[in-house]
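Numbering-wise (our numbering), the sequence shown opens with residue 360 and increments by one.
Everything below concerns the one structure shown next.
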Amino acid sequence: MTAETAAEEKQTNCLGCNKPLKKIKIYYRDGKYYCDKKCWKKAKTASASGEGKK
Ligand SMILES: [Zn+2]
Numbered sequence: 360m361t362a363e364t365a366a367e368e369k370q371t372n373c374l375g376c377n378k379p380l381k382k383i384k385i386y387y388r389d390g391k392y393y394c395d396k397k398c399w400k401k402a403k404t405a406s407a408s409g410e411g412k413k
């Protein structure tokens, strides 16, 4: 009685602030979902830091 679907692969949290995404306002970029542009930039900067850039 378990609902085993591909839901696990679905991204439900923002990669910028790690908060649950609201379906009314989602910022889609590079195949990922964020709250808005700010979170996208944040995630981008976070992933970039430690790799080349200081
Ligand atoms: Zn966010």
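Glycine residues also receive a C-beta, built at the ideal position from the N, C-alpha and C atoms.
Residue range of the beta strand (DSSP E) that residue i falls in?
i	result
Lys391	Lys391 to Tyr393
Are the CB atoms of residue i and residue j nearer to each other than 8 Å?
i	j	result
Lys382	Asp395	no
Cys398	Tyr386	yes
Ala407	Leu374	no
If you follow the alpha helix (DSSP H) that residue i is part of, which residue opens it and which one closes it?
i	result
Cys398	Lys396 to Ala407
Please determine whether the Cβ atom of residue i lies at a distance below 7 Å from any heavy atom of ligand 1.
i	result
Lys381	no
Lys396	no
Lys403	no
Tyr378	For the sequence presented, residue 378 should be read as Lys rather than Tyr. Because some heavy atom of ligand 1 lies under 7 Å away, the Cβ of Lys378 counts as near it: yes.
Would the C-beta of residue i count as close to ligand 3, meaning under 7 Å from any of its heavy atoms?
i	result
Lys391	This structure lacks ligand 3; its bound ligands are ligand 1.
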